[in-house]
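Converting from the sequence shown to the working numbering requires adding 91 to each position, the first position being numbered 1.
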Amino acid sequence: MSDEQGTEYELAMPMMLVQSQGGPFDDAAFVAGYTCGTIDQELFLASALNAAPTARYVNAQYLTQIDLIAMRHQYTLELGELDEASGWQMVAFSRA
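Printed below as a string of structure tokens:
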């Protein structure tokens with residue numbers, strides 16, 4: 092699977108529903124939804140446990156949505172360094 096920049100990904104668990112695997116869904120849209128859904132679930136659990144979520148690199152194209160997800164769970168999105176070559180940005184979450 093690859094993204095818009097041509098970066099290739101090899102998955103531990105193949106996503107059989109994406110077009111590159113013969114499925115009906117666009118690869119990039121599926122990965123964006125899966126990524127944002129995973130962050131949503133992590134922030135939900137972290138909020139319930141009053142915990143600090145793990146900082147991580149995310150595709151910078153997802154930042155607007157991730158910021159909304161953070162706000163939903165009373166976290167503030169803190170932007171770290173941007174790796175311009177890959178388009179990935181470090182993000183952390185703190186309680187709002």
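In this text, a Cβ means the ideal position worked out from N, Cα and C, and glycines have one as well.
Tell me whether Thr181 sits in a helix, a strand or coil according to DSSP, three-state version. On the sequence shown, residue 181 is found 90 positions in, with the first residue counted as 1. First, the residue type needs correcting, since residue 181 is Met and not Thr in the sequence shown. Strand at Met181.
Leu72 versus Thr126 - alpha carbon distance: It is not possible to answer for residue 72, since the shown part of the chain is limited to 92 through 187.
Can you grab the Cα-Cα spacing for the pair Val122 / Gly114, in whole Å? Locating residue 122 in the sequence shown gives position 31, where the first residue counts as 1. Locating residue 114 in the sequence shown gives position 23, where the first residue counts as 1. Going by the C-alpha atoms only, they are around 13 Å apart.
Please classify Gln180: is it buried, with 16 or more other beta-carbons within 10 angstroms of its beta-carbon, or exposed? For the purposes of this step, residue 180 is taken as residue 89 along the sequence shown, with counting starting at 1. Under this definition Gln180 is a buried residue.
Quick check on the burial criterion: 16 or more other C-beta atoms within 10 angstroms. Buried or exposed for Asn141? On the sequence shown, residue 141 is found 50 positions in, with the first residue counted as 1. Exposed is the call here.
Given a threshold of 16 other Cβ atoms within 10 Å of its Cβ, counted over all protein chains shown, does Leu170 qualify as buried or as exposed? Here residue 170 is taken as the residue at index 79 of the sequence shown, counted from 1. Counting the other CB atoms within 10 Å of its CB gives Leu170 a total below 16, which places it among the exposed residues.
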